[in-house]
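Colleague: Numbering (our numbering), first residue to last: 29 to 222. No residue lacks a Cβ here, since even glycine has one placed at the ideal position from N, Cα and C.
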C-alpha cells in the first residue's frame, strides 16, 4: 500500500476493527452494534458497511490483515534464506508488537469474545483465507514450477503453530507475551521446514 488514499483506507479499516474488538471485550460481543463500532471509530455506519459486512468480520479482520502482512514480509526476506528461517522471521516480524504481557482484564474479556459461537464461522473463514495467503506467498517465494503439496503443508504448519500459540496465550495464567509462544511453536516445528 503506497498511496495516501490506500493508507487512509487501511487506517480506517484498522480503527474499525480495533473499535469492534475493544467494545466486544468491554461490553460482550452480543451487546455491541455496528452503530456503536462506527461511533467509536469516528465514522458513519455506512462507512463501516463499506469495509465490513458485520461486527464479526471486523473483529476477525485483525487476524487476516496480520497474516497478509506475514505473506508480504516473507516475500521481502532474502531469496537465499532457508524457507523455514524466512517464514519464522516473517511471522515474528509481524508480531513484534506482541512482546508485552496483556492486562489480565483484557484477556478475561477477550476469551469469551473469541470463543463465541457467533464469531466461530467468521474466524473459520479467516483461518482459510490466512492459509490461502500463506500458500500463495510460499509458492511465490519458491518461484515457477510444480512444488507439489509443499506450499500447502508449510502454510498449514505455520497456521497451526500460530493458532496453538494463540490458544496458549489466551489461556495462560498468569498472562504471557504472545511473541514468546510464537517463537517456541515455530522452533518446535523447525524440522518440518528443513
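Could you give the uninterrupted runs of the alpha helix (DSSP H) lying entirely in the region 125 to 180, keeping only those of 4 residues or more?
Modeller: As far as the region 125 to 180 is concerned, its whole alpha helix (DSSP H) runs of at least 4 residues are 132 to 142 and 145 to 170.
Colleague: Residue 189 and residue 152: beta carbons closer than 7 angstroms?
Modeller: On the chain shown, residue 189 is found 161 positions in, with the first residue counted as 1. On the chain shown, residue 152 is found 124 positions in, with the first residue counted as 1. Contact: no.
Colleague: With a 10 Å radius around its C-beta and 16 neighbouring C-beta atoms as the bar for buried, classify residue 29 as buried or exposed.
Modeller: Here residue 29 refers to the residue found at position 1 when the chain shown is read from its first residue. Residue placement at residue 29 is flagged as unreliable, the pLDDT there being 49, under the threshold of 50; the coordinate-derived value follows with that caveat. Classification of residue 29: exposed, given that the 10 Å Cβ count is below 16.
Colleague: Is the beta carbon of residue 183 less than 7 angstroms from the beta carbon of residue 162?
Modeller: Here residue 183 refers to the residue found at position 155 when the chain shown is read from its first residue. Here residue 162 refers to the residue found at position 134 when the chain shown is read from its first residue. The answer is yes: Cβ separation under 7 angstroms.
Colleague: In the DSSP assignment, find the alpha helix (DSSP H) that holds residue 73 and state where it starts and stops.
Modeller: One-based indexing of the chain shown puts residue 73 at position 45. 73 to 79 is the span of the alpha helix (DSSP H), which, as asked, contains residue 73.
Colleague: To the nearest angstrom, how far is it from the Cα of residue 126 to the Cα of residue 50?
Modeller: Taking the first residue of the chain shown as 1, we reach residue 126 at position 98. Taking the first residue of the chain shown as 1, we reach residue 50 at position 22. Near 17 angstroms, if we compare the C-alpha coordinates of residue 50 and residue 126.
Colleague: Shortest alpha-carbon distance to residue 113 belongs to which of 175, 166, 34 and 200?
Modeller: Stepping through the chain shown from its first residue, residue 113 is reached at position 85. Residue 113 has its Cα closest to that of 166, out of 175, 166, 34 and 200.
Colleague: Can residue 84 and residue 44 be called in contact, C-beta distance under 7 angstroms?
Modeller: Stepping through the chain shown from its first residue, residue 84 is reached at position 56. Stepping through the chain shown from its first residue, residue 44 is reached at position 16. It is not a contact, given that the beta carbons lie outside the stated cut-off.
Colleague: On a Cα-Cα basis, can you pick out the residue from 106, 146 and 37 that is closest to residue 75?
Modeller: Position 47 of the chain shown holds residue 75. With distances taken between Cα atoms, residue 75 lies closest to 37.
Colleague: Can you tell me the Cα-Cα spacing of residue 140 and residue 39, whole angstroms?
Modeller: Counting from 1 along the chain shown, the entry for residue 140 is found at position 112. Counting from 1 along the chain shown, the entry for residue 39 is found at position 11. Whole-angstrom Cα-Cα distance: 27 angstroms.
Colleague: For residue 97, collect the residues of the same chain with a Cβ closer than 7 angstroms to its Cβ; drop the 5 residues on either side in sequence, then sort them by chain order.
Modeller: The residue you call residue 97 lines up with position 69 of the chain shown. Taken in chain order, the residues that qualify are 122.
Colleague: Roughly how many whole angstroms lie between the Cα atoms of residue 99 and residue 156?
Modeller: Within the chain shown, residue 99 is the residue found at index 71, counting from 1. Within the chain shown, residue 156 is the residue found at index 128, counting from 1. In a straight line, the C-alpha of residue 99 is about 14 angstroms away from that of residue 156.
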